[in-house]
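Protein chains in written order, with the numbering used here: chain U, 73 to 314; chain R, 7 to 296.
Next comes the structure, spelled out in structure tokens:
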């Protein structure tokens with residue numbers, strides 16, 4: 073059913089730390105790698121002149137102009153936020169798009185999807201991409217086939233992006249439980265929602281980059297101001313006059 | 007948004023078709039024999055051709071029947087129901103007109119009203135999407151319904167048709183006037199999309215991917231907007247003013263045919279703009295929204 077559950081027992085989701093993310097794209101690769109198994113995420117012309125493909129996770133990079141402080145580079149992973157009030161679910165005409173009552177994960181039943189693309193239109197975050205080969209919608213599953221998979225060693229029972237992140241910028245857990253590690257992290261670091269005015273009530277939270285200290289001038293700066301003297305200086309003046 | 011030919015054709019043709027079916031159902035014409043056959047076939051033809059065109063933009067149309075299941079929440083599912091119920095309910099009315107049976111007109115009136123309801127459900131598919139501020143406004147269903155009513159009145163030769171066609175023009179003007187400020191009024195920026203507004207003013211440093219993807223092709227359509235102002239004038243003249251003037255000359259069936267061709271061309275231009283000019287907030291992540 074594409075009606076949203078009244079409430080979910082758990083709210084499994086990700087907490088992404090923009091302070092420690094270095095934009096290495098390992099999460100993008102790990103996500104593609106894990107989810108490419110089975111039916112897969114297709115690519116079009118992957119080794120050709122105009123490559124394109126289906127990804128469930130993309131990492132953007134921004135420069136932020138900060139008043140009275142040096143500009144800062146922020147790398148920004150973007151994937152499904154598993155919203156409480158997921159607009160992508162209610163618009164689905166077939167019931168392929170649904171939110172699980174037990175853990176809040178938003179999934180697509182590809183066997184029922186007609187590939188109309190309306191769910192991708194409804195999502196403000198660009199979390200859904202249509203697979204051009206299969207004609208059905210793809211999205212982050214929160215690695216539902218890993219997190220409950222008892223054939224995997226316990227340390228691997230978390231989303232592939234979280235497991236692979238070399239800087240520990242990605243955290244997975246239950247955001248409905250105020251005592252969980254992820255909820256504590258959100259509380260202590262001021263975790264926030266993306267575009268809260270859209271009314272989607274995302275589960276995933278982002279931790280803002282920490283305030284950096286004031287910028288200091290490089291000790292080598294005086295050496296950069298090179299002035300030619302002697303013969304070079306004379307040449308410089310002469311050539312400048314020609 | 008990407009102006010897909012299938013969706014533009016679908017919403018324009020089926021809108022005109024259901025608008026005409028509404029007038030036929032209400033008994034605006036009361037035709038009989040071959041004339042009735044031709045008129046009903048035109049209404050059904052437009053509506054069904056539009057619905058068929060819409061299936062071409064489905065990635066996986068073999069599941070199309072499943073689209074009838076989620077009418078409780080999904081406007082697209084409601085549209086599927088409304089269109090099929092309308093077409094089924096009006097079929098005996100059409101036969102009654104063609105063969106001169108005396109079926110109670112009330113069935114036609116219910117069917118005709120459902121035809122307009124179908125157009126409303128189509129409009130709501132777009133109106134409901136908050137992520138596209140230009141569409142998320144009550145003027146969107148008003149625009150779709152005004153096209154259906156004016157088109158239906160025009161094809162059934164109502165005296166009121168020129169007035170309704172001029173009303174379409176007024177609604178289009180209002181849609182553009184209100185729509186141009188909609189994205190700014192929604193208040194979403196790259197800062198709110200990333201939450202980096204709490205730090206400063208963000209701008210794109212490097213693109214997330216150098217190649218294209220579904221999001222950029224489908225929702226971050228920017229080509230052709232420089233022609234938008236010109237196309238607006240063309241749409242306004244062809245969809246509204248020109249057919250209204252042609253109808254005023256009262257040239258009979260050929261006058262209506264000429265007005266219909268002009269109106270349809272204008273409606274297609276207006277519908278192309280409806281998609282091409284619609285800005286999705288996901289463009290903010292890519293720095294494509296100013």
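No residue lacks a Cβ here, since even glycine has one placed at the ideal position from N, Cα and C.
query                                                                                                                                                                                      : result
Using a C-beta to C-beta distance shorter than 7 Å, which residues of chain U count as neighbours of residue 149 of chain R?                                                               : Under the 7 Å cutoff, chain U gives no residues; its nearest Cβ is about 18 Å from residue 149 of chain R.
Check whether the Cβ atoms of residue 266 of chain U and residue 255 of chain U lie closer than 8 Å to each other.                                                                         : no
Residue 276 of chain U and residue 85 of chain U - do their beta-carbons sit closer together than 8 Å?                                                                                     : yes
Could you give the DSSP three-state label for residue 149 of chain U: helix, strand or coil?                                                                                               : strand
If we ignore side chains and look at the alpha-carbon of each, how far apart do residue 163 of chain U and residue 138 of chain R end up?                                                  : 14 Å
Going by beta carbon distance, what residues of the same chain come within less than 6 Å of residue 272 of chain R, once the five residues before and after it are set aside?              : 241, 244 and 245
Hey, out of R:100, R:287 and R:144, whose CA is closest to residue 190 of chain R's CA?                                                                                                    : R:287
Going by DSSP, name the residue or residues bridged to residue 153 of chain R.                                                                                                             : Paired residue(s): none; residue 153 of chain R is not in a bridge.
Between the Cα of residue 99 of chain U and those of U:197, U:74 and U:215, spot the shortest distance and give me the residue it belongs to.                                              : U:215
Would residue 86 of chain R pass as an interface residue toward chain U - the criterion being a Cβ-Cβ separation below 8 Å?                                                                : yes
Could you please tell me which residues of the stretch 136 to 147 of chain R, in chain order, have their CB closer than 8 Å to any CB of chain U?                                          : 136, 137 and 138
Within the same chain, show all residues whose beta-carbon is closer than 7 Å to that of residue 109 of chain R, passing over the 5 residues directly before and after it, in chain order. : 98, 99 and 102
Determine the extent of the beta strand (DSSP E) in which residue 245 of chain U is found, giving its start and end residues.                                                              : 242 to 246
Could you list the residues in the stretch 148 to 160 of chain U with a C-beta less than 7 Å from some C-beta on chain R, going in chain order?                                            : 148, 150 and 159
Please report whether the beta-carbon of residue 308 of chain U lies at a distance below 8 Å from any beta-carbon of chain R.                                                              : no
Please classify residue 263 of chain R as buried or exposed, where buried requires at least 16 other C-beta atoms within 10 Å of its C-beta.                                               : exposed
DSSP beta-bridge partners for residue 283 of chain U?                                                                                                                                      : Paired residue(s): none; residue 283 of chain U is not in a bridge.
For chain R, is any of its Cβ atoms less than 8 Å away from the one on residue 106 of chain U?                                                                                             : no
Just the C-alpha distance for residue 242 of chain U and residue 161 of chain U, rounded to the nearest angstrom, thanks.                                                                  : 25 Å
So what's residue 224 of chain U in DSSP terms, helix, strand or just coil?                                                                                                                : coil
In chain R, which residues lie with their C-beta within 9 Å of the C-beta of residue 266 of chain U?                                                                                       : 198, 199, 200 and 201
Looking at residue 181 of chain U: is its Cβ nearer than 8 Å to the Cβ of residue 170 of chain U?                                                                                          : yes
Step through the CB atoms of chain R and report whether any lies within less than 8 Å of the CB of residue 198 of chain U.                                                                 : yes
Below 7 Å CB to CB, which residues in the same chain sit around residue 81 of chain R once its five sequence neighbours on both sides are set aside?                                       : 127, 130, 131 and 134
Helix, strand or coil for residue 270 of chain U? Go by DSSP, reduced to three states.                                                                                                     : helix
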